[in-house]
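Residues in the sequence shown are numbered from -17 upward in steps of one, following the numbering used here.
A short worksheet on the structure shown next.
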Amino acid sequence: MVKETLKREVPLSMVRNIGIMAHIDAGKTTTTERILYYTGKNYKIGEVDEGSATMDWMVQEQERGITITSAATTCNWRECQINIIDTPGHVDFTVEVERALRVLDGAVAVFDAVAGVEPQTETVWRQADVYNVPRICFINKMDRMGANFSRTFSMISERLDANPVAVQIPIGEEANFVGCIDLLEMKALLWSEDDKGSQWSVESISEGMKGVAEAARHDLIEALSNFDDAITEKYLLEEEITAQDLRSVLRRATVGGKVVPVLCGSSLKNKGVQALLDAIVDYLPSPLDILAAEGTIPSGSKHSKHQDSSTVECPPDDLAPFTALAFKIMTDPYVGKLTYCRVYSGHLYKGSTVLNATKGSKERIGRILEMHANHRDDKEIMMAGDIVAVIGLKDTATGDTLCDPLYPVVLEALHIPEPVMHVALEPKTKDDQNKLGKVLMALSDEDPTFKVRTDHETGQTIISGMGELHLEVLVDRMIREFGINVNVGKPQVAYRETITTAVDKVEARYIRQSGGRGQYGHVVVNVEPLAPGEGYIFEDKISGGVIPKEYIPAVDAGIYDALSSGVLAGYPMVDLKVTLIDGSYHEVDSSEIAFKIAGSMALKEGVKRAKPVLLEPIMSVEVVTPEEYMGEVLGDLSSKRGKIEGMLQRGSSQVITSLVPLSEMFGYATDLRSRTQGRAMYTMQLHSYQPVPQTIAAEIVARVRGE
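So, in structure tokens, the structure goes:
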């Protein structure tokens, strides 16, 4: 299928796949809007505050002034093609960040110069660490009251365990912020107020700033000399070190994850964004600069043309076998299902057939689209390094690998966090009832952290998500986008159950004799607790064939199914290990189903004897409040079973960090507003699951059982 020559519009070395990531309200979307304006993609600047931002195109995003879904766009700067994904900052939409980082080559972390490093910044930074994504930092909002470049710079080092190097320092702070000093060229960059920042001047550094700039450049050279002998030599011999010397070392060190270049500016006031674009081109990697994606050959691929080995490299080469990862699904009211893909290797024309290696099924690519938020341009071909949306895929889900049918390969899937909250839905009319299933399926296709199940006792539809805001937005979309009217129950906490002691030799026998062939399964297991977060482990210690090998997976499957409903209040069981040690079988009556049921019975019995406890999600809560309301806020958190972790002065505000059970946090936004006259704000994210105090656990169990 390879054509003789493949003409690229932009060489692969000039492609940058980047994400903009940060805590909520640090200015990610505003920064992206400025990038689109200065690169000529937009003819006017969109504003988040006015609800006119290009990247926040959903109605819910415009109303709330936050990013909910990661939007993709493409623009050009200095002959480079920059594919940008603007990710959400709210913890409820953390999977949007997770899947964006999985497919990006580099990222820009945006920081609020007043707040510094905030909780969600830490979360997304750790996610970027997992995927080894090179980053540059942009300290935004330098014009705001309380802006402090040095403090934020120190926090990046201390709280994120990063190695930041300043490539710019600000000229003035707060209301006096006018531009920045480029430490490589040793020039002052000044932006004028009257033309939306399109023009800037490059001037000599003023006498007053010279000493500070020279000291900062000295620190930069010292930091980079650790990674380049030529720089060290010039530094020691006191020879001139040029901007180009520094730039090439900075690029290598950034791509290698050894340093993080730090820039500054004010996106809202149109200062510093062009220099940020230069840094994206200069320091962040192209698809050629990073390690090739690795995958595995799926089991059962008898006719694979890959060499016989367990792992397969997918090099960023247009002529290699085609491999792409579907990282996001969206339902478009006009064209149907849009599947966002990152192409790692090879190329594909529209109309071609691909293999979904994860599911083992073939799919046809109807159209290929280059996305600009919710606008799109048709393309004939997608090539290595591209981030595009395709139409026509029916069975593909988030995290599936698409590849050449002759070269099957499965790339590493995405990590999807478990939901912590659920609500019950009831359609208002028969018509709504008929539409609901289809709509819920479409929404759960889009968002893997959104789970749907039916409560068999009440017949209600239960939807689960990452928090109140997450579920609120999803219900809002059902009503507005899909025209379904539903009654929504009160949010409920997603509790878990676990065990606290080990139990040996738990025996379960399943025997059924009803004329003809019967059923017989007999197992003996040990059950023991695991450390939090370890999940479920099954170990087979059967010897001497007392249970035939073909029945052992059925025992595991039975135990795994039984984990979905615990013994206390029917919540899922977590963090336990089951070891199969003995059992027996019957030549005629034994079957997989009999051993599956026996495994399930053994687990239920073992858990009852292993002192089960209820676990609840504990949230890490950070409240930023004016000093005068600190007593009120502390008292309120303590009354919610909160454990105060620390207090910190940030400008004129106090930052209180605490651990609070999720069940106590419903409606906290309203509560906090009324206690502080609307002047405090808070963020929370899942910290861990911990045992529920006994008296409260007894109440929950009684309520669930209807006692």
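Ideal Cβ positions, reconstructed from N, Cα and C, are used throughout, including at glycine.
Since we're looking at a predicted model, the values are computed, not measured.
Minimum C-alpha distance to residue i - residue among the options
| i | options | result |
| --- | --- | --- |
| S139 | P243, Q150, I163 | P243 |
| G613 | P387, T658, D227 | T658 |
| V537 | L142, A371, V392, I563 | I563 |
| S248 | E155, M365, L320 | E155 |
| N469 | T431, Q415, G517, R478 | Q415 |
| Y113 | L166, N130, V85 | V85 |
| D360 | K376, A379, S343, K332 | K332 |
| A490 | E463, F577, Y553, A205 | F577 |
| G515 | E479, A95, V507 | E479 |
| I529 | Y502, N508, P554 | Y502 |
| D377 | A395, E352, K344, P401 | K344 |
| H504 | Q667, V488, L512, E510 | V488 |
| R591 | L597, L550, G161, E610 | L550 |
| L301 | Y389, I311, V317 | Y389 |
| G588 | T224, V560, L171, V(-3) | V560 |
| F695 | T677, D211, M601 | With the chain covering only -17 through 689, there is no way to say anything about residue 695. |
Nonlocal neighbours in the same chain, by C-beta distance under 6 Å from residue i, ignoring five residues either side
| i | result |
| --- | --- |
| R661 | P608 |
| N65 | N(-1), T56, I369 |
| V434 | L422, S426, I445 |
| M663 | V606 |
| M364 | V325, L330, I350, V370 |
Residue i in three-state terms, based on DSSP
| i | result |
| --- | --- |
| Y542 | helix |
| I398 | coil |
| D618 | helix |
| H669 | strand |
| R126 | coil |
| F120 | strand |
| Q150 | strand |
| G419 | helix |
| A35 | Unreliable positioning characterises A35 in this predicted model, as indicated by a pLDDT of 46, which lies under 50. The coordinate reading is nonetheless provided below. A35 falls in the coil class under three-state DSSP. |
| L245 | strand |
| M168 | coil |
| Y389 | coil |
| S183 | strand |
| Y567 | coil |
| Y113 | coil |
| I444 | strand |
| E691 | Nothing in the structure corresponds to residue 691, since the chain is present only between -17 and 689. |
| E104 | helix |
| E516 | coil |
| T335 | strand |
Span of the alpha helix (DSSP H), counted from its first residue to its last, around residue i
| i | result |
| --- | --- |
| P554 | Run containing P554: none; DSSP gives neither H nor E here. |
| H200 | 189 to 206 |
| V468 | Here V468 belongs to no alpha helix (DSSP H); instead the beta strand (DSSP E) covers 468 to 470. |
| F135 | 131 to 142 |
| H452 | 450 to 462 |
| R700 | The chain is shown only over -17 to 689; residue 700 falls outside these bounds and no answer can be derived. |
| R435 | That residue, R435, is in no alpha helix (DSSP H); its beta strand (DSSP E) goes 433 to 436. |
| V686 | 676 to 687 |
| L218 | 211 to 218 |
| I67 | No alpha helix (DSSP H) contains I67, which is instead part of the beta strand (DSSP E) from 62 to 68. |
| S230 | 225 to 237 |
Chain D within 7 Å of residue i, Cβ atoms only
| i | result |
| --- | --- |
| L550 | Given the protein chain composition of this structure (a single chain), no chain D is represented. |
Residue interval of the beta strand (DSSP E) (run including residue i)
| i | result |
| --- | --- |
| A576 | First-last for A576: 574 to 591, but that is the alpha helix (DSSP H), not the beta strand (DSSP E). |
| V696 | Here the chain comprises residues numbered -17 to 689, so residue 696 is not present and cannot be evaluated. |
| L86 | It is not in any beta strand (DSSP E) - L86 carries neither H nor E in the DSSP assignment. |
| R478 | 478 to 481 |
| I369 | 369 to 373 |
| V317 | Premise fails: V317 is in no beta strand (DSSP E) and is neither H nor E. |
| E532 | Looking at the DSSP string, E532 is not in any beta strand (DSSP E), and its letter there is neither H nor E. |
| A275 | 275 to 278 |
Nonlocal neighbours in the same chain, by C-beta distance under 7 Å from residue i, ignoring five residues either side
| i | result |
| --- | --- |
| M127 | E156 |
| A144 | I138, V242 |
| H285 | Here H285 scores only 49 on pLDDT, less than 50, and its place in the model should not be relied on; the value that follows carries that caveat. Within the same chain, H285 has no close Cβ partners at all. |
| S582 | G540, I541, D543, A544 |
| S573 | Q501 |
Same chain, Cβ closer than 8 Å to residue i, five either side skipped, listed in chain order
| i | result |
| --- | --- |
| K169 | I163, V184, E185, S186, I187 |
| D299 | S327, G328, A366 |
| I626 | L616, L619, S620, I638, T639, S640 |
Could you tell me whether the stretch 405 to 418 touches the stretch 430 to 445, using the rule of 3 or more Cβ pairs below 8 Å?
Flag = yes, the stretch 405 to 418 and the stretch 430 to 445 touch.
Check whether the stretch 378 to 397 and the stretch 337 to 349 are in contact - that is, three or more C-beta pairs closer than 8 Å.
These segments touch.
Between the stretch 624 to 633 and the stretch 509 to 529, do three or more beta carbon pairs fall short of 8 Å?
Taking a contact to require three or more Cβ pairs closer than 8 Å, the stretch 624 to 633 and the stretch 509 to 529 do not qualify as touching.
Quick test of the definition: if touching needs 3 or more C-beta pairs under 8 Å, does the stretch 11 to 25 touch the stretch 102 to 119?
Using a C-beta cut-off of 8 Å, the stretch 11 to 25 makes no contact with the stretch 102 to 119, since fewer than three inter-stretch Cβ pairs fall below that distance.
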